[in-house]
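Data block below; observations after.
Residue numbers (the working numbering): 23 to 475.
Listed below in structure tokens is the structure:
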């Protein structure tokens, strides 16, 4: 693949250029570590160790390249593969996501190296070396290597990490999009002209420089479009979830108003009931008295199975009343216990979204269950420790087949991931908590833990 040459003792001049070129690869590693900083368990120590080891490694690579007269890519490419798999293990990301970030950094250093070669030929003309850069190219390379972390700070620290951590983007997207920086890096490395004879032929030098700049602008625009696509997708999903929450809140409030209206009607008629009971008692009509009391006890509002108060938290109580009544309409007696005070440190909208999505999924699962015993059990409590923590657990039976892809559950109503479980995970993560879902023996178990201040 690479031209063979006899082993020679490199001169200090050649050794300096060979080692200097390896700084370009070291910059690529630095860009990767900037991108993955927040995903490393101990970023300062991990980055320090990796940069120290990489410095020694690339120094040795420079010596080997100078001794065997090998181009820089001969050792940089296999080293890049080692870096990718190491970072994947350290960050816990999928290979596609890791490749996207690493290939993005690789493109940056590849275009720097190519521009330094072009600049070297532009200054040295026929004295330029096809194997590696001279003084003009090395100086320009070191200058661009120094500036690149600052120029790419925002994309590496904000844009790409946000895209990698977004729960709204499926793995199918990443399985394709990583090819953009990977193929672009390969094109710059192996397809752009680097031979001095070719570059000095006609206006090829100017063409090579223009192509490099235009291609880099294309890459910047591509990343900007990807970022815009991700943000638009997230905003659309958030708007959809918000609309869904508003619809559910409207239904819950309407349901609570119906229950309150019914309670007022019962209280309004209480005097008439008492008078009727008094008349029956005065007439010693025990049969009529028993019959009337039986009719009153059978009234929907008087039934003990239809409580209107599950907890002191007003908004959460409205959610529980609504979904428990929906479960009863399906013939299921819900087992719900909630110990939540009126004032908590958790945002009411987040709490109601979590519980509402869990209960809605549970009721819909019960509705689709055609055979077997149906059950719904919910436990919600606030732990007054330090910090205060909200524990939410909802178990329900189900009938449909549950499809799980990795750590995500696919929706039974549409293609792709279920918005309910995705929303729960997003809210839990935002509130420094976790969400866990399991299904065993026909029972779906959901447990959520979030910080409450």
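Even for Gly, the Cβ is constructed at its ideal location relative to N, Cα and C.
Since this is a predicted model, take the numbers as computed values, not measurements.
- Cβ atoms of residue 416 and residue 384 come within 8 angstroms of each other, at about 6 angstroms.
- Between the stretch 171-182 and the stretch 55-64 there are three or more inter-stretch CB-CB distances shorter than 8 angstroms, so the stretches are counted as touching.
- For residue 132 against residue 210, the beta-carbon gap comes to about 4 angstroms, under 8 angstroms, which counts as contact.
- Taking a cut-off of 8 angstroms for Cβ pairs, the stretch 247-256 and the stretch 295-309 do not touch, as fewer than three such pairs fall below it.
- The DSSP-derived three-state label of residue 142 is helix.
- Counting along the chain, residue 335 sits inside no beta strand (DSSP E), nor does DSSP assign it H or E at all.
- In the DSSP assignment, residue 170 falls outside any beta strand (DSSP E) and within the unbroken alpha helix (DSSP H) covering 157-173.
- Under the three-state reduction of DSSP, residue 413 is assigned to strand.
- Residue environment: residue 466 is assigned as buried (16 or more neighbouring CB atoms within 10 Å of its CB, all protein chains considered).
- Here residue 460 is exposed, its C-beta having fewer than 16 other C-beta atoms within 10 Å.
- For residue 158 and residue 44, the gap between their C-alpha atoms comes out near 16 angstroms.
- Distances from the alpha-carbon of residue 143 to those of 40, 160, 391 and 129 put 160 closest.
- When beta bridges are read from the DSSP output, residue 465 appears opposite 419 and 462.
- Assigned with DSSP and collapsed to three states, residue 126 falls in helix.
- In this structure, DSSP gives residue 364 a state outside helix and strand, which the three-state scheme calls coil.
- Ranking 339, 404 and 83 by CA distance to the CA of residue 275 puts 339 first.
- For residue 304, the enclosing alpha helix (DSSP H) starts and ends at 292-304.
- Here the stretch 389-405 does not lie against the stretch 445-462, with fewer than 3 beta-carbon pairs under 8 angstroms apart.
- Your pair residue 128 and residue 102 checks out as a contact, with CB atoms roughly 6 angstroms apart and the cut at 8 angstroms.
- Put simply, of 50, 162 and 87 the residue whose alpha carbon is nearest the alpha carbon of residue 207 is 50.
- Scanning its chain for C-beta atoms nearer than 8 angstroms, with the 5 sequence neighbours on each side dropped, one finds around residue 214 the residues 136, 230, 233 and 234, in chain order.
- Judged by DSSP in its simplified three-state form, residue 473 adopts strand.
- Excluding five sequence positions before and after residue 359, the CB atoms of its chain that fall closer than 6 angstroms to its own CB belong to 401, given in chain order.
- The shortest CA-to-CA distance from residue 130 to any of 93, 168, 267 and 110 is the one to 168.
- Apart from sequence neighbours up to five positions away, the residues of its chain that approach residue 397 with a beta-carbon distance below 6 angstroms are 419, ordered along the chain.
- When the five nearest sequence neighbours on each side are left out, the beta carbons in the same chain lying within less than 7 angstroms of the beta carbon of residue 65 are those of 59, in order along the chain.
- Rounded to the nearest whole angstrom, the CA to CA distance from residue 312 to residue 306 is 11 angstroms.
- Assignment of residue 401 by DSSP, reduced to helix, strand and coil, places it in the strand class.
- When secondary structure is reduced to three states using DSSP, residue 456 falls in the strand class.
- Judged by DSSP in its simplified three-state form, residue 357 adopts strand.
- Relative to residue 141, the option among 165, 122 and 115 whose CA is nearest is 165.
- Rounded to the nearest whole angstrom, the CA to CA distance from residue 192 to residue 73 is 32 angstroms.
- Under the three-state reduction of DSSP output, residue 372 falls in the helix class.
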